[in-house]
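First residue of the sequence shown? That's 0 in numbering that gives the first Met the number 0, and the numbers climb one at a time after it.
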Amino acid sequence: MKHKHAHAENFVTRHLQVILYIASALISISAIVYFMLNGYQNLGNYDAVARLNIARKITDSLTPGIGQLGGIWLPFPQILMVPLVQSEFLWKTGLAGAIISGTAFVIGAVYIQKLTFLLTKNLSASILVWFMFVANINILFLQTMALSEVFFLTSLTMVLYYLTKWIESHTLQHFLASGFFLIIITLTRYEGYFVLIGATLVVLIECLRAYRHESLQKVEGMMLLFLTTAGFGVFLWCIYGFLFYNDFLHWLNLYSDGKIQVSTATQTVSENTDKAFEVTEYSLATAFNIYTQVILWMNGKITTFIGLFGFVLLLGVMIKNGFKGKEVQKYMPLMIISIVLFAFLVYGYQRGFIPEINLPPELIPVGDRKSFTIYSDSNMRYGIILAPCILLLAGFAAAKSRILYVIIALLFAAQLGANVYKPQALQYSLPILWPYSTLTQVAPFLDLYDEGSILIGANAHEDFMFQTGLPYKSFIYEGTRDFWVESLNDPARYADWVIYDDDIQGDTVFYFMSDEARIILQRDFDLVYDVDGFKIWHLR
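Next up, the structure:
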């Protein structure tokens, strides 16, 4: 009997990676199918639809090409979707995004287990961390969508994995692999720039420790190689900004001054955008409070506190060992990147680089509730960014002793139980926040529409454009360059239809249309639909 048990255990150990890949894939597919069948909830977030549309516009637009990537979101996930969105079915169902995010989810789940085992040498703790990752309802939901969060989590895990491997082996293979995934992460989300800063500190500290007695020239050479490799993604994005916006630091200026510029052709328009888009700054204490809260809600209060407990334990071990020794050194990537990433996230939110985050009303006492935009509460998802770091620190705590492992496993089970029987008590569930609904304005417009080009601001109406089912060649929007600029001064030049909502902050047609264009609109167009600020004009 013991022999059979040992044989089964050896089989599981030998084939663990395959088992985890299969299990993760089945979990991913099940979630995708469930949320699609539950009213296409995988399309329930505005940004997810917008990213699908960006990928589609590269080939389906009045001005197709790479310039349709825009200058706001980093491009890598959208580029991966381009071949998939050529299928109307994959585009309209959101499966094009789910395939990309779901694949990242599977890889991330397996590698977070591998990294936990690499750090702790504890198989049980590593499997527990894997389960905590795949059982997080918010990660599970996000991986069904065309969003960048899960792709970022996987890239962060890979960066940590290969930096840890490099510290152990000092092989060029692992060194360059970490640089490669830093390219990916810095082309996925701007938080990846903070990861790059943390990773640079890790490499510098390790190079000084390992090579300073040999030659400082070797340290300089290693740092040059690392920065050349790891910083290549940032370099590419700066080149893109210069080519399409005449500004190497377009991405930085965009987030620091709140201006939107569609292309070099629209520079005269961008000078007036402050009235529509503002950057909000907060006190450091407020930023810390808000970001800490969304971390707690997105990852779960119990999970986050376990991770914090692991951080304190690990810091204690490092201090006790004087930050020396192989066991301490291999945790340096996790510790440094976790601290740097959290610090810069708080600072970024304080400076207004990160979009406004508000807790949904159900999480706030009635007396403390305030008005917020229909999008700002969905930005709670920014709290998931630190998930791999939190889980890896929880894995460190679970590996310290059998008692701690059991306690942590039971606490996490209690959190899962609370999510089922008392939702929102210990963890906020994004699926509750993001139901998919058909816009009421779509059907009336399609009843009116016969043919012709439509002037509309994609910045505020990606969901409307998506739900019409019309080819994107039918739309004149910010990314159509001269068509857009000229239409804001003379809508009758190209457009047969003009659509805007004067109740939505940031509707680019309403805000940027010139006075002359408004006169032309009143003179040459009929207002055929006007409900709650949403207006449809048709050329006479």
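Glycine included, every Cβ here is placed at the ideal spot set by N, Cα and C.
It should be emphasised that the depicted structure is a prediction, and the values quoted were computed from it without experimental measurement.
Which of helix, strand or coil does DSSP assign to residue i?
i: S375; result: Below a pLDDT of 50, predicted positions are generally treated as unreliable, and S375, at 49, falls in that range; no measurement from the model is reported.
i: F474; result: strand
i: Y420; result: helix
i: I57; result: coil
i: K534; result: strand
i: Y435; result: coil
i: Y493; result: coil
i: L454; result: strand
i: D500; result: strand
i: L409; result: helix
i: D246; result: coil
i: V81; result: coil
i: L526; result: strand
i: I541; result: Given a span of 0 to 539 for the chain in the structure shown, any question on residue 541 remains unanswerable.
i: A49; result: helix
i: E355; result: coil
i: E213; result: coil
i: R380; result: helix
i: S282; result: coil
i: A145; result: coil
i: V17; result: helix
i: R350; result: helix
i: D462; result: helix
i: R539; result: coil
How close, in whole Å, do the beta carbons of residue i and residue j come, if the pair is a contact with beta carbons under 8 Å?
i: L385; j: L432; result: Actually they do not touch by this definition, with Cβ atoms about 20 Å apart.
i: G101; j: L51; result: That pair is no contact at about 14 Å.
i: F474; j: I503; result: Contact flag wrong, Cβ pair sits at about 17 Å.
i: A49; j: E461; result: 4 Å
i: Q425; j: F132; result: The amino acid occupying residue 425 in the given sequence is Leu; Gln does not appear at that position. Between F132 and L425 the Cβ distance is about 17 Å, and since that is not below 8 Å, they are no contact.
i: A145; j: A47; result: 5 Å
i: A24; j: V105; result: 5 Å
i: Y499; j: L447; result: Not confirmed; about 15 Å, so no contact.
i: H537; j: W483; result: With a Cβ gap of about 19 Å, H537 and W483 do not count as contacting.
i: M317; j: I204; result: That belief does not hold up - the Cβ atoms of M317 and I204 are roughly 13 Å apart, past 8 Å.
i: Q142; j: S27; result: 6 Å
i: K329; j: I166; result: 6 Å
Excluding the five sequence neighbours on either side, which residues of its own chain have a C-beta within less than 6 Å of the C-beta of residue i, listed in chain order?
i: F75; result: L186, T187
i: G366; result: Below a pLDDT of 50, predicted positions are generally treated as unreliable, and G366, at 45, falls in that range; the measurement from the model is reported next regardless. Around G366: no qualifying Cβ.
i: I335; result: G197, L200, V201
i: K369; result: Note that K369 scores 42 on pLDDT, short of 50, meaning its location in the model is unreliable; the coordinates nonetheless yield the value given after this. No residues qualify anywhere along the chain.
i: S337; result: C388
i: F392; result: Reading off the sequence, residue 392 comes out as Leu, not Phe. Once the five neighbours on either side are set aside, the close Cβ partners of L392 are G306, G309, F310.
i: E485; result: R492
i: G66; result: F243
Got a sec: is the Cβ-Cβ distance from residue i to anything in chain B below 8 Å?
i: I406; result: Checking the listed chains, one finds no chain B in this structure; it contains a single protein chain.
Let me confirm a value: residue i is counted as buried when at least 16 other C-beta atoms fall within 10 Å, else exposed. Which label applies?
i: F88; result: exposed
i: K274; result: Confidence is the limiting factor: at K274 the pLDDT is only 40, short of 50, which leaves the residue's position unreliable and the question unanswerable from this model.
i: W82; result: For the sequence presented, residue 82 should be read as Pro rather than Trp. P82 should be labelled exposed.
i: D506; result: buried
i: L19; result: buried
i: N458; result: buried
i: Q16; result: exposed
i: I57; result: buried
i: K534; result: buried
i: T163; result: buried
i: T303; result: buried
i: H212; result: exposed
In chain order, what residues of the same chain have a beta carbon less than 7 Å from the beta carbon of residue i, not counting five sequence neighbours either side?
i: N121; result: A398
i: D59; result: P470, Y471, K472
i: S125; result: Q112, T115, F116, T119, G394
i: G38; result: P434, Y435
i: L520; result: P490, V497, W536
i: L42; result: V48, G93, Y435
i: W90; result: L51, R55, V84
Which same chain residues end up closer than 8 Å to residue i when comparing Cβ atoms and leaving out the 5 residues on each side of it in sequence?
i: V441; result: F463, Q466, T467
i: L344; result: E190, F193, Y290, I353, Y381, I384, L385
i: K319; result: none
i: T228; result: L175, G178, F179, L181, I182
i: I99; result: P76, L79, M80, L83, A145, F150
i: P422; result: S428, I431
Stretch-stretch touch, CB-based, cutoff 8 Å, three pairs: the segment 148-161 with the segment 299-319: Touching, no.
The segment 505-514 touching the segment 478-496, judged by at least three CB pairs closer than 8 Å: A contact exists between the segment 505-514 and the segment 478-496.
Three CB pairs or more closer than 8 Å across the segment 175-183 and the segment 95-111: No: the two stretches stay apart, fewer than three of their Cβ pairs being nearer than 8 Å.
Is the segment 210-218 close to the segment 234-242, with three or more CB pairs under 8 Å? Taking 8 Å as the limit for Cβ pairs, the verdict is that the segment 234-242 does not touch the segment 210-218.
Count the C-beta pairs between the segment 136-143 and the segment 154-165 that are closer than 8 Å, then say yes if the count reaches three, no if not. No, they do not touch.
For the segment 287-298 against the segment 347-357, do three or more pairs of beta-carbon atoms, one drawn from each stretch, fall closer than 8 Å, so that the two count as touching? Between the segment 287-298 and the segment 347-357, the count of Cβ pairs shorter than 8 Å is three or higher; the stretches touch.
Counting Cβ pairs closer than 8 Å, one from the segment 443-460 and one from the segment 413-433, do we hit at least three? With contact defined as three or more Cβ pairs closer than 8 Å, the segment 443-460 and the segment 413-433 are not in contact.
With a threshold of 8 Å, are at least 3 pairs of Cβ atoms found where one atom belongs to the segment 299-306 and the other to the segment 407-418? These segments touch.
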